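In the working numbering, the protein residues as written are 1489 to 1796. Every residue gets a Cβ at the ideal spot worked out from N, C-alpha and C, and that includes glycine. Given the structure is predicted, the values throughout are model-derived calculations rather than measurements. Have a look at the structure below before the remarks.
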Amino acid sequence: MPPTPPSRSRIGPHLAADIAAHITAESLTEGTHLRTADLARRFAVSRWPVEQALKELAESGHVRHEPNRGFFVRGNGPAAPAAPAAPDPVHAAYLRLAVLLTEQAIGPQVTEQQIRNRFALTRRQTSDLMGRLIREGIAEKRAGYGWNINTELTAPDALDHTTQMRLILEPAALRLPRYHLPQGDIARLRRVEHDLLDGTIDRAPPDALYLRGAQFHEAVMAGAGNPFMLQALTRVNRVRRLLTYRAMDDRERYYRQSREHLAILDLIEAGDHAGAALQMEAHLHKVRHSLSALGFIPAQDVAGTTPG
1489 MPPTPPSRSR IGPHLAADIA AHITAESLTE GTHLRTADLA RRFAVSRWPV
1539 EQALKELAES GHVRHEPNRG FFVRGNGPAA PAAPAAPDPV HAAYLRLAVL
1589 LTEQAIGPQV TEQQIRNRFA LTRRQTSDLM GRLIREGIAE KRAGYGWNIN
1639 TELTAPDALD HTTQMRLILE PAALRLPRYH LPQGDIARLR RVEHDLLDGT
1689 IDRAPPDALY LRGAQFHEAV MAGAGNPFML QALTRVNRVR RLLTYRAMDD
1739 RERYYRQSRE HLAILDLIEA GDHAGAALQM EAHLHKVRHS LSALGFIPAQ
1789 DVAGTTPG
């Protein structure tokens, strides 16, 4: 019996956790309609797994379901992003696989049996795991049997390449003549950063912290009004999520990043987009130095750049 196609599989508890973290990161207010189609586009899945994840969140109290109307943010739900009550074997396998991929200790082609044996997964769990890698652009289904791993995205210098791309793309977006970030978006992003600095950094799971940071940069990029630039950044952020998992437990750097995010917002609000671009460059250089200090980017690749 062939594995369940990723788009029709349960995908796993991590999708529900991602949606809950998205609700928190975006500071969505009570009663906000959670449109299945919008969430499917954001997380690069079909509508079916999003509906299953929303049902899980409704059961846990994060959202409410109204028959014939859909799902809505529940204002008095739990503040922290949803997390599985018991350890999720698919998520655990994902973290282990992230290390193997960055060390090039697995692939570039894998079969269902190899994944099942390596991580002690069921057939359904294997489908969930590989479905997640497909959504993040790390793997693709082979025409015959098994999956191809995108070796360009898991090469030793892949993370360095993503930071180089961000250094080119994100400051350039702020320098575009028609750049505009609505005041409501600035206020929302500022609330998120203050919430992080007020203690959420110490409480939230690493996944949620990463998602908040990624969504900040995507929201700032959206102000450029260029969908191709935004799509490029969104794709890079999906890849970075896997490549930087081992760095996510460094809580102190999130405090620094939040303060830098606020400085960028202040400049954008003041209409100083050139200054915001320079601040963004300095911020991304510090990200590179942090990743280099943790051993994710060779030190010679960041030599001569702004120290973090």
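| query | result |
| --- | --- |
| Checking 8 Å against the spacing of the C-beta atoms, do A1765 and R1666 come in under that value? | no |
| Let me know the beta strand (DSSP E) ranges lying completely inside the stretch 1658 to 1732, each 3 residues or longer, listed in chain order. | none |
| Indicate whether at least one CB of chain C lies closer than 8 Å to the CB of V1727. | Of the protein chains in this structure there is only one, and it is not chain C. |
| Tell me whether Q1719 is buried or exposed, calling it buried when 16 or more other Cβ atoms sit within 10 Å of its Cβ. | exposed |
| In whole angstroms, what separates the C-alpha of V1598 from that of D1686? | 44 Å |
| Can you find at least 3 beta carbon pairs, one from the stretch 1740 to 1759 and one from the stretch 1703 to 1717, that sit closer than 8 Å? | yes |
| To the nearest angstrom, how far is the alpha carbon of Q1602 from that of A1675? | 48 Å |
| Whole angstroms are fine: how far does the CA of E1518 sit from the CA of V1724? | 31 Å |
| Which residues in the same chain have their Cβ closer than 7 Å to the Cβ of L1588, if we skip the five residues on either side of it in sequence? | I1594 |
| Give me the Cβ distance between I1756 and L1669, rounded to the nearest whole Å; I'm assuming they're in contact under 8 Å. | 5 Å |
| Straight-line CA distance for N1556 to L1697? | 33 Å |
| Taking the C-alpha atoms as reference points, what is the distance between N1636 and A1546? | 36 Å |
| Could you work out which residue in L1655, A1646, A1692 and L1585 is closest to M1618 when comparing CA atoms only? | L1585 |
| Got a sec, what are the start and stop residues for the alpha helix (DSSP H) I1603 sits in? | E1600 to F1607 |
| Compare the Cα-Cα distances from S1827 to each of F1531, G1763, R1679 and A1646 and report the closest residue. | With the chain covering 1489 to 1796 only, the question about residue 1827 has no answer from this structure. |
| How is the beta strand (DSSP E) around H1550 delimited, first residue to last? | First-last for H1550: undefined, no H or E at that position. |
| In or out: A1567 buried (at least 16 other Cβ within 10 Å) or exposed? | Because the pLDDT of A1567 is 43, which lies under 50, any placement of that residue in the model is unreliable, and the number read from its coordinates should be weighed accordingly. Exposed is the call here. |
| Using a Cβ-Cβ cut-off of 7 Å (strictly less than) and excluding sequence neighbours within five positions of P1596, which residues of its own chain qualify? | N1636, I1637 and T1639 |
| Which of the three DSSP states, helix, strand or coil, is assigned to Q1597? | strand |
| Exposed or buried, what is R1691 when buried is set at 16 or more other beta-carbons lying within 10 Å of its beta-carbon? | exposed |
| With distances taken between CB atoms, is the gap from R1611 to R1604 smaller than 8 Å? | yes |
| By the three-class DSSP mapping on this structure, what secondary structure does A1758 have? | coil |
| Return the Cβ separation of V1538 and V1551 in integer angstroms, given the expectation that the two are a contact with Cβ distance under 8 Å. | Between V1551 and V1538 the Cβ distance is about 12 Å, and since that is not below 8 Å, they are no contact. |
| Between the C-alpha atoms of D1506 and A1528, what's the straight-line distance to the nearest angstrom? | 12 Å |
| Between G1701 and the rest of its own chain, which residues show a CB-CB distance below 7 Å, the 5 nearest in sequence each way excluded? | Q1745 |
| Which residues in the same chain as G1625 place their Cβ atom closer than 7 Å to its Cβ, once the five residues preceding and following it in sequence are excluded? | N1638, L1641, R1723, R1726 and V1727 |
| Got a sec? Which residues, its chain only, sit under 6 Å from F1559 by beta carbon, not counting five neighbours each side? | L1522, L1542, V1551 and H1553 |
| Is it buried or exposed for D1616, if we count other Cβ within 10 angstroms and need 16 for buried? | buried |
| Can you list, in chain order, the residues of its chain whose CB lies under 8 Å from that of I1689, leaving out five sequence neighbours each side? | L1697, R1739, Y1742, Y1743 and S1746 |
| Taking DSSP as the reference, what is the three-state secondary structure of G1619? | helix |
| So A1627 is in the alpha helix (DSSP H); what residue range does that whole segment cover? | From DSSP, A1627 is part of no alpha helix (DSSP H) but of the beta strand (DSSP E) over A1627 to K1629. |
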